[in-house]
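Asker: Once you've had a glance at the structure underneath, I'll fire off some questions.
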Amino acid sequence: MVNVIQKLSNGVDISRSELKSVRQLNKYSEISILEDNIKDLERRNVELDLEISEYTGTTEMFKQMINELKNENKTIRREEVRMVVEENNRKILDEIKLRGNAINTVQFSQIVDNNAGFLFCLFHRRRGRVLYY
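Numbering (the working numbering), first residue to last: 207 to 339.
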């Protein structure tokens, strides 16, 4: 029985050494190299996914900032146009008021005759001009 146990233990030792040599061969075999390359590629893909998600996040942020700037510029332009229009309207109203005041302040003595308040248009036959009296 001792012999059987010795034979079995020798067989186990041989099996262990064979397993160790097989593991070493497998470690340097093409399959293990390919598996390592696949692991590296998967790790690199994860890193690239993170970079892409960060890039798209910053891209969206930049798009939002640009849209806000465009909207602010539109608002500024509208305000500038509104101010110019209001200023022009004020000038026109002031001119109308001044002209109205000038018309209202004409003295009666300046009117030559009763028909001076009306405009009479006579066409000059030779030159085709309009004459105002």
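We put the beta carbon where it would ideally sit given N, CA and C, even for glycine.
Because the structure is a prediction, the values reported are computed rather than measured.
By how many angstroms is the C-alpha of THR262 removed from the C-alpha of GLU236?
Answerer: 38 Å
Asker: Excluding five sequence neighbours on each side, which residues of the same chain lie with their C-beta closer than 6 Å to the C-beta of GLU260?
Answerer: none
Asker: Work out the CA separation of VAL287 and ASP300 for me, nearest whole Å.
Answerer: 20 Å
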